[in-house]
Amino acid sequence: MDRIMAGELLAKEDTNFEIWTDPRQRWRRRQKNKNKQYQDLHGGDEQRQRQEEEDSHVGHVLGHMRENKGRKFPKSPRLRAGMAVDSCRIYGSLEGNKVQGDFHITARGHGYMEFGMQQHLDHSRFNFSHHINELSFGPHYPGLLNPLDKTSAVTTDVHFMRYQYYLSIVPTIFTKRRVSTSSGALDPAAIPQPPTLDLTPNDHRDKDGVVRHVPNPHAGRDSKSVFTNQYAATSQSREVPGNTVPGVFFKYDIEPILLIVSERRSSFLGLIVRLVNVISGVLVAGGWMFQISEWAYEVWGRRRQRSTAGMGVINGDINGDLDRKR
């Protein structure tokens with residue numbers, strides 16, 4: 001059932017594996033949509049960490065929502081003349097229940113049957129190296145950076161390889177609406193309600209009897225809130241024997257919590273009070289520093305006067321003794 005669903009809803013395109021890491025193509029994509037280059041899951045750099053930090057702010061997230069209203073997937077890089085087709089790009093979206101589940105990509109004959117027969121591919125053709133351009137749960141916002149976005153795993157000589165990703169999903173609401181009371185406590189009645197699904201079943205069936213989904217006109221009407229899902233990811237990879245199932249496996253679990261990230265502005269009176277507190281603190285600290293500097297200068301001046309007076313007496317006595325001896 002999962003394979004049939006993926007075959008109907010996911011798109012597949014022939015492509016070249018190396019073109020996704022080509023510096024020229026990567027530069028063009030980065031200039032167009034500010035995407036980063038591919039890296040492994042645990043190889044985060046300062047630029048990626050900074051982008052993840054930006055994606056935790058409400059205003060930044062709402063800005064991404066307005067950038068791509070059509071929520072379209074990016075196009076594949078164009079193959080140059082003479083470039084070999086050695087890989088496949090899989091993209092699209094699947095709709096499922098909010099329960100624990102898994103999604104896997106494997107080889108024919110090792111994870112599923114083709115036309116009801118257990119047909120095996122040549123084992124020497126197995127290569128589960130992959131680039132993850134984007135993996136998200138919930139509405140599609142291409143500008144947001146998820147933990148597995150722009151990650152890569154490459155193997156060369158090993159054909160039976162298993163990559164496993166474990167995802168812990170947390171439903172999240174980014175909103176500019178006021179969701180708390182004056183005391184700071186959460187107001188359940190003020191929590192934004194989730195919108196309807198992006199797709200809705202069509203009223204009419206196609207000629208083959210299949211019910212197609214069309215865009216829902218009531219989706220995304222709340223311009224001040226974003227309903228999405230964040231997740232944490234861990235991974236492991238290992239070579240497996242020939243009698244097991246190789247592939248790329250995503251196992252996810254929905255956490256029974258809801259995270260609300262809200263942004264609100266204080267009143268003008270509150271701003272004035274904070275400014276007065278800051279200015280008062282600066283003045284008090286400046287007064288203390290001035291008093292300390294005056295006290296230190298006074299103590300240092302007294303010690304210097306005593307030292308000068310003592311040296312004068314000693315010199316006077318010494319000169320007197322010298323005069324008497326003469």
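Mapping to UniProt numbering: the sequence shown position 268 is 268, numbers consecutive. Note that CB positions come from ideal geometry on N, CA and C, so glycine has one too.
Check: residue i C-beta below 7 Å from any heavy atom of the ligand GDP
{"i": "K176", "result": "Because no ligand of any kind appears in the structure shown, any question about the ligand GDP cannot be addressed here."}
Whole-angstrom distance between residue j and residue i, CA atom to CA atom
{"i": "K251", "j": "S136", "result": "13 Å"}
{"i": "D14", "j": "S129", "result": "15 Å"}
{"i": "V179", "j": "I173", "result": "11 Å"}
{"i": "residue 342", "j": "P74", "result": "Because the chain spans 1 through 326 in this model, residue 342 falls outside it and cannot be assessed."}
{"i": "D86", "j": "P77", "result": "14 Å"}
{"i": "R306", "j": "R274", "result": "49 Å"}
{"i": "S280", "j": "Q291", "result": "17 Å"}
{"i": "L62", "j": "L186", "result": "22 Å"}
{"i": "T21", "j": "I272", "result": "53 Å"}
{"i": "W300", "j": "L145", "result": "60 Å"}
{"i": "A153", "j": "C88", "result": "15 Å"}
{"i": "H123", "j": "T155", "result": "15 Å"}
{"i": "E104", "j": "Q49", "result": "Looking at the sequence shown, residue 104 is not Glu but His. Going from the Cα of H104 to the Cα of Q49 covers about 28 Å."}
{"i": "R177", "j": "W295", "result": "53 Å"}
{"i": "G242", "j": "N127", "result": "14 Å"}
{"i": "R304", "j": "L283", "result": "32 Å"}
{"i": "I260", "j": "V278", "result": "30 Å"}
Option in the options with minimal Cα separation from residue i
{"i": "H140", "options": "E46, S93, A285, A233", "result": "S93"}
{"i": "K224", "options": "R303, G301, T175", "result": "T175"}
{"i": "M83", "options": "F17, K150, V158, G96", "result": "F17"}
{"i": "E255", "options": "F268, Q100, V261, D157", "result": "Q100"}
{"i": "S262", "options": "R302, L283, N229, I191", "result": "I191"}
{"i": "E8", "options": "N127, R80, I19, E95", "result": "E95"}
Neighbourhood of residue i by C-beta, 7 Å cutoff - its chain only, sequence neighbours within 5 removed
{"i": "G286", "result": "none"}
{"i": "S266", "result": "none"}
{"i": "T234", "result": "Y166"}
{"i": "V276", "result": "none"}
Sequence-distant residues of the same chain with beta carbon closer than 6 Å to residue i, five excluded per side
{"i": "A11", "result": "Y91, G92"}
{"i": "S237", "result": "Y163"}
{"i": "A232", "result": "S168"}
{"i": "L258", "result": "P171"}
For residue i, the residue or residues it bridges with in DSSP
{"i": "residue 327", "result": "Any property of residue 327 remains undetermined from this structure, which presents the chain solely from 1 to 326."}
{"i": "N229", "result": "F137, P171"}
{"i": "S87", "result": "T15"}
{"i": "residue 327", "result": "Within the shown structure, residues of the chain are numbered from 1 to 326, placing residue 327 beyond reach of any answer."}
{"i": "I105", "result": "V248"}
{"i": "D253", "result": "S168"}
{"i": "V261", "result": "F174"}
{"i": "G92", "result": "L10"}
Residue i vs residue j beta-carbon contact at 8 Å
{"i": "L121", "j": "G138", "result": "no"}
{"i": "R125", "j": "G247", "result": "no"}
{"i": "F160", "j": "V240", "result": "yes"}
{"i": "T106", "j": "V245", "result": "yes"}
{"i": "E134", "j": "D157", "result": "no"}
{"i": "F249", "j": "D102", "result": "yes"}
Within-8 Å CB hit, residue i to chain B
{"i": "R162", "result": "Note that chain B does not occur in the displayed structure, where there is just one protein chain."}
Other residues of its chain near residue i: CB distance less than 8 Å, five sequence neighbours each side excluded
{"i": "N97", "result": "none"}
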